[in-house]
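Protein chains: 2
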Amino acid sequence: MTYSKSASTRAAAIRSTAQLLRAQGYAATGLSDIVKESGVPKGSLYHHFPEGKSEIASAALAATAGRLRSHLEALVASHPGEPVAAVEDFCNRYIEQLEASQFVLGCPVATVSLEYVEGTVQEACGRAFDVILSVLGAALEARGLSKRRAAAASLFTVSAIEGALVLSKAQASTEPLARVRNTLGEYLRSLIANEAAP
Amino acid sequence: MTYSKSASTRAAAIRSTAQLLRAQGYAATGLSDIVKESGVPKGSLYHHFPEGKSEIASAALAATAGRLRSHLEALVASHPGEPVAAVEDFCNRYIEQLEASQFVLGCPVATVSLEYVEGTVQEACGRAFDVILSVLGAALEARGLSKRRAAAASLFTVSAIEGALVLSKAQASTEPLARVRNTLGEYLRSLIANEAAP
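Here the protein sequences line up with chains C and G, keeping their order. When the letters of the first sequence are read in order and numbered with the working numbering, they come out as residues 3 to 200. When the letters of the second sequence are read in order and numbered with the working numbering, they come out as residues 3 to 200.
This is the structure:
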């Protein structure tokens with residue numbers, strides 16, 4: 003019972019922190035915001051995360067990476083043999099979320115990645131991108147690209163989407179992301195048509 | 003004399019703020035940081051920028067947009083008829099700056115764009131990207147792409163570079179940006195070869 007309550011307290015703190023990091027970044031998120039958002043008292047936060055904000059943020063980013071993996075794997079599975087459609091769907095979900103949140107909610111990792119953070123927080127950002135890159139790379143390789151080509155295309159795709167999210171937030175418009183989704187779709191289909199084994 | 007001193011005080015505040023926004027973003031940059039970095043006293047900051055941090059930040063982002071325009075135009079001019087080489091050079095400068103700053107200094111607009119900012123600050127971010135997109139779009143159009151193709155390729159290019167900067171900071175490695183530069187170079191050369199008027 004005690005264990006279960008403790009685990010759910012920890013999970014609530016992690017969930018709220020992940021949401022705050024996504025919406026406003028690392029510097030703007032204080033422990034008091036996490037307390038307010040999660041309902042977890044400050045003493046309990048320090049019990050679970052003795053190193054404070056950087057430790058909670060690292061755990062939140064690791065949880066985000068896990069959710070991104072599930073989300074992307076589900077998208078890939080829902081478009082068998084069509085990784086490009088999965089990429090387009092990935093963009094479409096972001097377009098919906100940007101619109102629904104009035105351009106507050108973009109990539110859950112990018113803001114913290116760009117802020118000045120070090121150590122475990124930065125490493126957690128890096129690992130989250132490794133997850134996205136590897137799921138997408140595997141899907142492109144399964145569609146017939148060589149390992150090297152699939153890795154390059156995965157990196158190019160994730161970069162283009164992340165950058166389009168930056169532009170969409172800056173311009174308060176989903177148009178950059180929608181247009182980049184279209185260009186990416188053409189690029190990846192042509193790459194697969196030219197490079198993939200028949 | 004008074005006017006000149008006042009103008010240079012304003013310029014010093016703007017320059018320091020632009021550097022701080024680039025290195026750490028909006029939320030982490032307090033007025034006291036700007037005072038410390040610029041040497042401009044707080045009273046003088048409020049004299050020049052009565053609305054405070056958001057007004058200084060907007061002015062700093064406008065100055066950044068002007069510098070980005072000059073920088074990109076100079077790169078384009080230094081590679082006559084070779085906009086792709088200008089894009090590669092643009093990436094190479096970022097690679098040098100990331101390395102020299104231990105991955106602190108990336109795009110001077112992206113961090114603030116992703117943070118939760120509104121009003122004039124967000125608009126200043128949007129205008130800075132408009133500048134980059136239009137300089138690059140014009141260079142691609144001059145190389146023979148249709149206006150529509152040039153605009154799409156410019157947006158795709160800027161997005162890929164911005165996203166690669168996010169990944170390079172997250173992974174504390176210039177490899178994502180270097181690899182995206184290579185893929186972008188191939189993509190743009192092939193686009194120009196296929197689409198441009200001879």
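Every residue, glycine too, gets a C-beta built ideally from N, C-alpha and C.
Just the chain G side, please: which residues come within less than 8 Å of I194 of chain C by C-beta, in chain order?
-> Within 8 Å Cβ-Cβ: nothing; I194 of chain C doesn't reach chain G, min ~15 Å.
Give the straight-line distance between the Cα atoms of H81 of chain C and F158 of chain G, rounded to the nearest whole angstrom.
-> 24 Å
Report buried or exposed for Q26 of chain C, applying the criterion of at least 16 other Cβ atoms within 10 angstroms of its Cβ.
-> buried
Cross-chain neighbours of A67 of chain C in chain G, by beta carbon under 9 Å | Per Cβ cutoff of 9 Å: no residues; A67 of chain C is ~11 Å from chain G at best.
Please confirm if C127 of chain C has its CB atom under 7 Å from at least one CB of chain G.
-> yes
Using the Cα positions of S172 of chain G and S103 of chain G, report the straight-line distance between them to the nearest angstrom.
-> Note that residue 172 of chain G corresponds to Ala in the displayed sequence, not to Ser. Approximately 14 Å between the Cα atoms of the pair.
Give the straight-line distance between the Cα atoms of A13 of chain C and Q21 of chain G, rounded to the nearest whole angstrom.
-> 37 Å
Where A130 of chain G falls, given that 16 or more other Cβ within 10 Å makes a residue buried = buried
Taking all protein chains shown into account, decide if E110 of chain C is buried (16 or more other Cβ within 10 angstroms of its Cβ) or exposed.
-> Rather than Glu, the amino acid found at residue 110 of chain C in this sequence is Pro. Flag for P110 of chain C reads buried.
Got a sec, what are the start and stop residues for the alpha helix (DSSP H) G45 of chain G sits in?
-> K44 to H50
A162 of chain G beta carbon less than 7 Å from that of A162 of chain C = yes
Measuring CA to CA, which of G:P43, G:G83 and G:V182 is closest to I194 of chain G?
-> G:G83
Candidates G:D35, G:S115, G:C93 and G:V106: closest to T187 of chain G by CA position | A quick correction: the sequence has Gly, not Thr, at residue 187 of chain G. When only C-alpha atoms are compared, the closest one is G:C93.
Distance between K55 of chain G and P85 of chain C (C-alpha atoms, nearest Å) | 45 Å
Taking only the alpha-carbon atoms, compute the straight-line gap between A76 of chain G and D35 of chain C and give it to the nearest angstrom.
-> 45 Å
For E75 of chain G, decide whether its Cβ has a neighbour in chain C, counting only Cβ atoms nearer than 7 Å.
-> no
For G139 of chain G, collect the residues of the same chain with a Cβ closer than 7 Å to its Cβ; drop the 5 residues on either side in sequence, then sort them by chain order.
-> A152, A153 and S156
For the alpha helix (DSSP H) that S156 of chain G lies in, which residues bound it at each end?
-> K149 to A172
Taking all protein chains shown into account, do 16 or more other C-beta atoms lie within 10 angstroms of the C-beta of E164 of chain G, making it buried, or fewer, making it exposed?
-> buried
Give the residues from the stretch 158-179 of chain G that approach chain C closer than 7 Å (Cβ to any Cβ), ordered along the chain.
-> F158, V160, S161, A162, I163, E164, G165, A166, V168, L169, K171, A172, Q173, A174 and P178
Does any residue of chain G bring its CB to less than 7 Å from the CB of S8 of chain C?
-> no
List the residues of chain C that G108 of chain G touches, going by C-beta distances under 7 Å, in chain order.
-> L116
Using a Cβ-Cβ cut-off of 7 Å, state whether A112 of chain G counts as contacting chain C.
-> yes
Which word fits P52 of chain G, buried or exposed, when buried means at least 16 other C-beta atoms lie within 10 angstroms of its C-beta?
-> exposed
From this set, G:V37, G:G45 and G:H50, which residue's C-alpha is nearest S8 of chain G's C-alpha?
-> G:H50
Flag E75 of chain C as yes when its Cβ comes closer than 6 Å to any non-hydrogen atom of the ligand PLP, and as no otherwise.
-> No copy of the ligand PLP occurs in the structure displayed, which carries no ligand at all.
Beta-carbon spacing of E90 of chain G, R183 of chain G below 7 Å = yes
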